[in-house]
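Shown next, in structure tokens, is the structure this report addresses.
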Amino acid sequence: MNDTTYTDEAIMAMFADPTTREKAFRIIVKQFGAQLYSRIRAIVGGHEETDDVLQNTFIKAWRSLDRFRLESSLYTWLFRIATNEALTLVRRRKSKMSLSLYDDEMKITVPSNDLESSETGDEIADKLQSAVEKLPEKQKLVFQMKYFQEMKYDDMAGILKTSVGALKASYHFAVKKIENFLQIR
Numbered sequence: 003m004n005d006t007t008y009t010d011e012a013i014m015a016m017f018a019d020p021t022t023r024e025k026a027f028r029i030i031v032k033q034f035g036a037q038l039y040s041r042i043r044a045i046v047g048g049h050e051e052t053d054d055v056l057q058n059t060f061i062k063a064w065r066s067l068d069r070f071r072l073e074s075s076l077y078t079w080l081f082r083i084a085t086n087e088a089l090t091l092v093r094r095r096k097s098k099m100s101l102s103l104y105d106d107e108m109k110i111t112v113p114s115n116d117l118e119s120s121e122t123g124d125e126i127a128d129k130l131q132s133a134v135e136k137l138p139e140k141q142k143l144v145f146q147m148k149y150f151q152e153m154k155y156d157d158m159a160g161i162l163k164t165s166v167g168a169l170k171a172s173y174h175f176a177v178k179k180i181e182n183f184l185q186i187r
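Below, the structure written as structure tokens:
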């Protein structure tokens, strides 16, 4: 297979033909796998869990691809499946935590000094990641999609099945919490 990027329509036409169905799915994995891996990794964290969620995503996609009707882009549809699978893993993980640990999750220890100019980019990135990890699940997801992946609110609304206004509010609250954590004024 060469490095050709296929349109959603071309992929779906191949998938509809039993003789090229597997080829179409290999194209999907090759064309969207890295982006989906990145999205899942941002939600779940670890490499092994990310691989498991990515595999589950592709299994679900394979099982229901014949019902996909191009009402959204193939990537948006796959992204929605990947996000839901990743969130399911996060919920399972959280349900295993004790109640006291869950309550402590949002208690942020704010450093006594502002970010110092002597801090390296890696140190600042670590502080930002730490602040993001303390956000509630929805705010964390919206912040990651908007800030790190630079998604448009309309695309996010389609994936998360919510309104643009709700997403903007979640992003605003997430930014305020992160600013408070980092003491950025």
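Numbering (our numbering), first residue to last: 3 to 187. C-beta: ideal position from N, C-alpha, C; glycine also.
For residue i, the nearest candidate out of the options (CA to CA)
| i | options | result |
| --- | --- | --- |
| residue 30 | 54, 47, 59 and 50 | 59 |
| residue 169 | 32, 95, 75 and 154 | 154 |
| residue 12 | 72, 63 and 177 | 72 |
| residue 129 | 21, 87 and 185 | 185 |
| residue 148 | 165, 173 and 134 | 173 |
| residue 143 | 95, 167, 86 and 94 | 86 |
| residue 27 | 67, 49, 159 and 75 | 67 |
| residue 37 | 90, 74, 52 and 165 | 52 |
| residue 74 | 167, 10, 35 and 164 | 10 |
| residue 33 | 167, 159, 157 and 76 | 76 |
| residue 152 | 25, 62, 41 and 94 | 41 |
Proximity below 9 Å, CB of residue i to CB of residue j
| i | j | result |
| --- | --- | --- |
| residue 137 | residue 145 | yes |
| residue 183 | residue 141 | no |
| residue 70 | residue 14 | yes |
| residue 180 | residue 78 | no |
| residue 139 | residue 92 | yes |
| residue 88 | residue 55 | yes |
Residue range of the alpha helix (DSSP H) that includes residue i
| i | result |
| --- | --- |
| residue 17 | 10-18 |
| residue 142 | 139-145 |
| residue 158 | 155-162 |
| residue 57 | 49-66 |
| residue 136 | Where residue 136 is concerned, there is no enclosing alpha helix (DSSP H), given that its DSSP letter is neither H nor E. |
| residue 34 | 23-46 |
| residue 73 | Looking at the DSSP string, residue 73 is not in any alpha helix (DSSP H), and its letter there is neither H nor E. |
| residue 179 | 166-184 |
(request) Report yes or no: do the region 45-55 and the region 4-14 share at least 3 C-beta pairs separated by less than 8 Å? (result) no
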